[in-house]
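Under numbering that gives the first Met the number 0, the first residue of the sequence shown is numbered 0, with each subsequent residue one higher.
Here a beta-carbon is modelled for each residue, glycine too, at the ideal position from N, C-alpha and C.
Every value quoted in this text rests on a predicted model; they were computed, and no experiment measured them.
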Amino acid sequence: MFKKILVCSDGSDRAIKAAGVAAELAKSLNAALTMLSVCQIPEVSEPFPGAPTLSLPAVDRYVRDMHLAVVERTLPIIRNAGVPCDILGEVGDPVSVIAQIAESRDFDLIVMGSRGLNTSQAARLGSVSYGVIERAHCPVLVVR
Numbered sequence: 000m001f002k003k004i005l006v007c008s009d010g011s012d013r014a015i016k017a018a019g020v021a022a023e024l025a026k027s028l029n030a031a032l033t034m035l036s037v038c039q040i041p042e043v044s045e046p047f048p049g050a051p052t053l054s055l056p057a058v059d060r061y062v063r064d065m066h067l068a069v070v071e072r073t074l075p076i077i078r079n080a081g082v083p084c085d086i087l088g089e090v091g092d093p094v095s096v097i098a099q100i101a102e103s104r105d106f107d108l109i110v111m112g113s114r115g116l117n118t119s120q121a122a123r124l125g126s127v128s129y130g131v132i133e134r135a136h137c138p139v140l141v142v143r
């Protein structure tokens with residue numbers, strides 16, 4: 000049924016739980032598993048006078064550190080299930096990136112946690128999982 004599973008993680012507890020579910024599914028279905036971490040860089044419209052500017056190396060370091068933290072927290076759960084896993088790290092709006100990656104790489108299932116680290120933002124703007132459900136071309140399994 001499912002041959003290519005995309006598990007999305009931001010390193011939160013629910014994302015870790017989703018990774019465990021995705022790994023067990025991949026194992027039982029003999030499906031390929033890929034973990035995706037999406038780092039959203041906050042936009043700064045106009046800095047106020049005297050504000051420090053962000054250099055490109057600083058932004059690159061931030062993105063690398065964010066992806067590394069997610070991988071270090073999530074990958075052991077997947078490895079404990081004995082499932083091989085590819086790793087993707089992307090930058091951008093999580094909903095858009097997840098939907099685009101899932102479609103362009105022909106995943107047939109997306110697995111993700113119900114709420115990530117940004118609960119106050121999710122309350123204002125809508126959760127990432129809801130946005131992915133609305134935009135994805137394939138089924139989305141949301142783990143609580």
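- In the assembly as shown, Ala-57 is an exposed residue. Its beta-carbon has fewer than 16 other beta-carbons within 10 Å.
- The beta-carbon distance between Met-111 and Val-131, rounded to whole angstroms, is 7 Å. This is short enough to meet the 8 Å contact definition.
- Classified as buried, Leu-5 has 16 or more neighbouring CB atoms from the shown chains inside 10 Å of its CB.
- Under the 10 Å beta carbon count, Ile-15 is surrounded by 16 or more other beta carbons and is classified as buried.
- The segment 52 to 131 is shown to contain whole alpha helix (DSSP H) runs of 4 or more residues at 55 to 79, 93 to 103 and 118 to 124, in chain order.
- DSSP, read as helix, strand or coil, puts Ser-11 in coil.
- When the beta-carbon positions are compared, Val-141 and Val-96 stay at least 8 Å from each other.
- If you draw a 10 Å sphere on the C-beta of Met-65, you find 16 or more other C-beta atoms in it, and that means buried.
- Per DSSP, Cys-38 is one residue of the beta strand (DSSP E) stretching across 31 to 38.
- Contact annotation, Lys-2 with Ala-30: C-beta distance approximately 5 Å; criterion of less than 8 Å satisfied.
- Taking every protein chain shown into account, the CB of Asp-9 has 16 or more other CB atoms within 10 angstroms, so this residue is buried.
- When rounded, the separation of the alpha-carbon atoms in Arg-63 and Met-0 is 34 Å.
- Straight across, the Cα-Cα distance linking Gly-81 with Pro-48 is about 53 Å.
- The beta carbon of Asp-85 lies closer than 8 Å to those of Ala-31, Leu-32, Thr-33 and Met-34 in the same chain, with the five residues before and after it left out.
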